[in-house]
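In what follows, a single structure is set out as structure tokens and then discussed.
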Amino acid sequence: MLSPHHAVEENLKCQALDTARTGIRQILDPFGVMTSCLEVQQAWLRQPGELAKQLFKLAEQCSNLQMLGYRRLCGQKVEDTVRPLAYDERFAEPIWTEHPYYDLLKESYLAYTRWLEDAIENTPDVAPRIKQKAGFWVRQMLNAASPSNYFWTNPHALHKSIASFGMSTVDGLRNAVNDAVRGDVSMVDDEAFKVGHNLAATPGQVVFRNHLLEVIQYAPATQNVHNLPVVIVTPWINKYYILDLSAKKSLVHYLASRGFSVFITSWNNPHSESRNVGFEDYMLQGALQAVDVAREVTGAAQVHAVGYCIGGTILAALMAWLNTGLKRNQPPAIAHFTLLAALVDFTAPGDIGVFIDENSIAFLDKLMAAPGYLDGAAMAWSFRMLRSNSLIWHYVVHNYLYGEGPPPLDVLYWNTDTTRLPAAMHSYYLRECYLNNKLVQPGGLTLGGKPIDLRSIKQPLYAVGTEKDHISPWKETFKICALVQAPVRYVLATSGHIMGVVNPPVEPPKRRYWVGAVSDHADPETWRNGIEKTPGSWWEDWAQWLGKHCGPLVAAPPIGSQNHPALCPAPGTYVLER
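Per this note's numbering, the sequence shown starts with residue 20, numbered consecutively.
Quick look at the structure:
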């Protein structure tokens, strides 16, 4: 038995060793790429019998594919046994199925990919979070290894090169060199758009500016507007004009045309001097400030507030903050609110969670220490990796192998117009919301001197989730319904985080949605199964709901006021900062 002195000494050695290991991992593997993959590998090695079964399954698949390939080479017509998923466009060209060699190449790749992903998912005695991490990083490697990504194994690239007498290859090399110089893969034709001209062009004026944001008031599009103004709290990850793209896609233009007085936040793109700007500042000096400006300018006692993505997260926190200590007969500044693809419970945030643990946050803290912010490019690449086939490799193939120029798409232009994130805010947000999930805990966060509780919210809510959202999974956004103590109308829109929200009415309808009231503690799938899918845009349902809640029609207020005069035309100055 160790003496007390030696026991303490051994304990200190163990602590020192653990500290050293953590430090080494934060330097060499801050996002757990090697660590998670090694844990999965070791778990299978501890189960040799189960591992043998998995390897036998792979060998059997390979043998079957070889036989099918031989039959195709002999001229027999054989159906694919491994087909691409419906949304996988990598093998859409008919030659991938019609030519025996390319069909075998495609099916072999898909068979191995699915076998490996299934093996990771079914790893015995490994925590789900480790399997999720390993699966994500292995999927990045598998996506990179796709035969469609390489010239000599992509039949369409070879065909284009031959048909163009090599010019498509020359153009692709030129594109690759240009992208290497600029340090990024081109996604969009930058020359096709200009903010304030064919993007963010809805008429309006900046009526307030501080170090954190500009508040834009839009010109009324109707003679009369609803009494309560609509204040939109946009995300400060990327820029506000995702909700003000071209006129046909602009949410703010749509609201103005339906008789609403609209205000929106345009956040400053932070520099080093903003390093200490925190999450609380975005709530009080940002979201709350915008609400107060709209109330003062319009003379309305209350507003309807809208929050999108992280803007919705901060709005939910603000709603809880406003309700804390509110007197019984005292009306809050926000009468009711809308959340668009916004998380408040971060229990299962989807694949974005693979980037977030103590080691990765410590790494990011060190990365942000010198500049005082997280660079927008780093954030953009992390989001691209969540959909690497469509947001990375698609452009590698089309730009470099096919020699095509990037397309002129407004959403892609917005996606590449990145913003920086202040160090203090970003670190707090990752640690307290994602890692510790404190926003959903009663009193878990103290903001503006008040411990907040989402269960104190008593104002009606209209919430929107999107079916294929990879950033705010819809079943997680649904959880707000069981937290607030007020009527909730929930919409589940088809498509993803962006296109499910930027979803204007068109004929014929492109998308669909489910909508209905939510009872206490309803299960999301049960709720969806009990509602018929509606063709069209949820914007129309929302406008009707807003019309019932935002008061009677009154004469449209002028732009600005004595206290908040017009400072400059929309889109303002902050949105133009790079």
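Don't be surprised by glycine CBs; every beta carbon is placed ideally from N, CA and C.
From M206 to A71, what distance separates their C-alpha atoms?
Using only the alpha carbons, I get a separation of about 44 Å.
By the DSSP assignment, the beta strand (DSSP E) with N243 in it spans what residues?
Element bounds for N243: 243 to 245.
For P527 and C81, I'd like the C-alpha separation in whole angstroms.
Cα to Cα, P527 sits roughly 45 Å from C81.
Around the Cβ of V189, are there at least 16 other Cβ atoms within 10 angstroms (buried) or fewer (exposed)?
So V189 ends up on the exposed side.
Q478 and H355: beta carbons closer than 8 Å?
In contact: Q478 and H355 (Cβ atoms closer than 8 Å).
Identify every residue that forms a DSSP beta bridge with R531.
Bridge partners of R531: P554.
Start and end of the beta strand (DSSP E) containing T172?
Counting along the chain, T172 falls outside any beta strand (DSSP E), and DSSP gives it neither H nor E.
Whole angstroms are fine: how far does the CA of R91 sit from the CA of P289?
Straight-line Cα distance between these residues: approximately 59 Å.
Using three-state DSSP, classify A354 as helix, strand or coil.
Reduced to three states, the DSSP call for A354 is strand.
From the DSSP output, in three-state form, read off E108 for me.
Coil.
Run through DSSP, which three-state label would C93 get?
If DSSP states are grouped into helix, strand and coil, C93 belongs with coil.
Any heavy atom of the ligand SAM closer than 7 Å to the beta-carbon of V225?
Among the components of this structure there are no ligands whatsoever, and the ligand SAM is therefore not found.
Using a 10 Å radius around the Cβ and a threshold of 16 neighbouring Cβ atoms, would you call P590 buried or exposed?
Buried: at least 16 other Cβ atoms inside 10 Å.
Helix, strand or coil for A39? Go by DSSP, reduced to three states.
Note that A39 scores a pLDDT of 47, beneath 50, so its modelled location is shaky; the value from the coordinates is reported in the next line. Reduced to three states, the DSSP call for A39 is helix.
Quick one: Cα of I256 to Cα of A574, how far?
Their backbone Cα atoms lie some 35 Å apart in a straight line.
In the structure shown, what three-state DSSP assignment does E495 receive?
Residue state, collapsed to three classes: helix.
Need the endpoints of the alpha helix (DSSP H) that L232 sits in, please.
Element bounds for L232: not the alpha helix (DSSP H) but the beta strand (DSSP E), 232 to 237.
Leaving out the 5 sequence neighbours to the left and right, which residues in its chain are closer than 8 Å to M387 when beta-carbon positions are compared?
Taken in chain order, the residues that qualify are R294, L393, A442, H445, S446.
I'd like the span of the beta strand (DSSP E) that includes W286, first residue to last.
From DSSP, the beta strand (DSSP E) with W286 extends over 281 to 286.
Would you please state the rounded distance, in angstroms, between the beta carbons of F365 and C452? I believe it to be under 8 Å.
Rounded, the Cβ-Cβ distance is 5 Å, consistent with contact.
Alpha carbon to alpha carbon, how far is L218 from T496?
Their Cα atoms are separated by approximately 29 Å.
Give a yes or no on contact between the segment 252 to 272 and the segment 419 to 428, applying the rule of three or more CB pairs nearer than 8 Å.
The answer is no - the segment 419 to 428 does not touch the segment 252 to 272, with fewer than three Cβ pairs under 8 Å.
Under a Cβ-count criterion, where at least 16 other Cβ atoms within 10 Å of its own Cβ denotes burial, should D472 be classed as buried or exposed?
With 16 or more other Cβ atoms within 10 Å, it is buried.
Tell me the DSSP secondary structure of K469 in three-state form.
Residue state, collapsed to three classes: strand.
If we ignore side chains and look at the alpha-carbon of each, how far apart do D384 and K552 end up?
D384 and K552: Cα-Cα distance of roughly 45 Å.
Suppose the cutoff is 8 Å on Cβ atoms and the five residues either side in sequence are ignored; what does the same chain contact list for Q581 look like?
Nothing meets the Cβ criterion.
Using CA coordinates, which residue listed in W156, Y121, L129, Y106 is at the minimum distance from P49?
Minimum Cα distance to P49 is reached at W156.
With a floor of 3 residues, list each beta strand (DSSP E) that falls wholly inside the segment 311 to 335, ordered by position along the chain.
Listed in chain order, the complete beta strand (DSSP E) runs (minimum 3 residues) inside the segment 311 to 335 are 322 to 327.
Taking the straight line between their C-alpha atoms, what separation do you get for A381 and N348?
Between A381 and N348, the C-alpha separation is close to 46 Å.
Going by alpha carbons, who is nearest to S556 out of L511, G566, H540, L586?
For the residues L511, G566, H540, L586, the minimum Cα distance to S556 belongs to L511.
Exposed or buried, F212, counting other C-beta atoms within 10 Å across all chains shown (16 or more means buried)?
Looking at its Cβ environment, which holds 16 or more other Cβ atoms inside 10 Å, F212 is buried.
My output table needs one value for F365: the three-state DSSP class, helix, strand or coil.
Three-state DSSP puts F365 in coil, outside helix and strand.
Between which residues of its own chain and L595 is the CB-CB distance below 7 Å, once the five residues before and five after are set aside?
If we look at L595 and ignore the five residues flanking it on each side, its Cβ neighbours are V214.
Less than 8 Å separating the beta-carbons of I149 and E58?
Their beta carbons are under 8 Å apart, which means I149 touches E58 by this criterion.
List the whole-angstrom C-beta distance separating I251 from L262, where the pair is believed to meet the contact cut-off of C-beta under 8 Å.
Their Cβ separation, rounded to whole angstroms, is 6 Å, which keeps I251 and L262 in contact under 8 Å.
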